[in-house]
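In order, the protein sequences belong to chains A and B. Letter 121 of the first sequence, counting from 1, is numbered 112 in the working numbering, and no numbers are missing. Letter 31 of the second sequence, counting from 1, is numbered 22 in the working numbering, and no numbers are missing. Idealized CB from N, CA, C, for every residue including glycine. Here's the structure, in structure tokens; my notes come after.
There are 2 protein chains.
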Amino acid sequence: MRLTDTEWQLMNCLWEKHPATARGIAGRLPPQVKWAYTTIRTLLARLADKGAVREYKEGNTSLYEPILTRENARRSALMTLVNQAFDGAYGPLMHFLINDPNLTPRQRQALEEAIKEQPEKQGETENGGDNQ
Amino acid sequence: MRLTDTEWQLMNCLWEKHPATARGIAGRLPPQVKWAYTTIRTLLARLADKGAVREYKEGNTSLYEPILTRENARRSALMTLVNQAFDGAYGPLMHFLINDPNLTPRQRQALEEAIKEQPEKQGETENGGDNQ
DNA sequence: TGACTTTTACTACATCTGTAGTAAATTATA
DNA sequence: TATAATTTACTACAGATGTAGTAAAAGTCA
């Protein structure tokens, strides 16, 4: 399951608190995000189409609930990144992380330890059952 | 600079060897990827538009060369991921990594060390000058 | 109950992405 | 130097994404 930028924003709100109404989500979006109410509805409908959320009615009002877990969404986003940008292996990703300038020396050292025994080509597992 | 899926494929070829012709790139794409020659040209033109590659002529033939570095492309892809999926902080990402089932116990242990002194909210730096 | 406010159900529309096709110009080749 | 193969320069077009708008139905409140 791939999420778009806007879908991540909504899902982040939903994971934080659910079930939620469109209005409720609107209230918990980051302050810079100023979407029309109908925009939020449109995006939620698309998420429901994809099977990432479930929509049900309470009286006349729609409530939304995540089906896709945060865990799984993260896993597949990370796999996508690793596959496209890091040769499909965690090793290069970790190498990259240890060169990040805002790591502390101790963190860097610990990461180096982790990489030492990195087997070849981890993370090449091609999206098999990443949903739910 | 954001790259799309197809753009990553081309850039990966270009970083590996450049300058390169469209035909040459076609030859170095992964075998499952079977794009028409003109598709590759279209994508390269879009990359040139974005300023990710430079296109120049050798006689009648176009040669391409990356302008965006692999390093920077990786950095910004990682930042995007961290921002949208991991609360804008490396900590949760690392937590996630240590729970990956195909880590060795020693790696896991080393990563745990790295996380211990994780400062709050790293990686929240909002895409400021991530190009070039 | 009449007048707002909210919600729903649809529709809209520009841009971006994936994936070419065509015609004309250039280059290689028999 | 015809003919074939390659490259260029443009155009095309469907599906995904971002971002709403409108009209009608339902709910709320004076």
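- In the same chain as Leu34 (chain B), and ignoring 5 residues on each side of it, the C-beta atoms closer than 7 angstroms to its own belong to Thr(-3), Glu(-2) and Leu1, in chain order.
- Per DSSP, Pro96 (chain A) has no beta-bridge partner at all.
- Chain-order list of chain A residues neighbouring Arg65 (chain B): Ala76, Phe77 and Phe87, by C-beta distance under 8 angstroms.
- Of the candidates B:Ala17, B:Ala39 and B:Asp40, B:Ala17 places its Cα closest to the Cα of Thr29 (chain B).
- The straight-line gap separating the alpha-carbon atoms of Phe77 (chain B) and Gly50 (chain B) is approximately 48 angstroms.
- Contact note: Glu104 (chain B) reaches chain A through Arg97, Gln98, Gln100, Ala101, Leu102, Glu104 and Ala105, using a C-beta cutoff of 9 angstroms and chain order.
- Sequence-distant Cβ neighbours of Lys41 (chain B) in its own chain, meaning closer than 6 angstroms and more than five residues away, do not exist here.
- At a cut-off of 8 angstroms between beta-carbon atoms, Asp40 (chain B) makes no contact with chain A.
- According to the DSSP assignment, Arg61 (chain A) belongs to the alpha helix (DSSP H) that extends over Arg61 to Ala76.
- Among the residues facing chain A, Trp6 (chain B) is not included, as its CB has no counterpart in that chain under 8 angstroms away.
- Contact between Phe87 (chain A) and Arg99 (chain B) fails: their C-beta atoms lie close to 19 angstroms from each other, not under 8 angstroms.
- DSSP places Thr12 (chain A) in no alpha helix (DSSP H); its state is neither H nor E.
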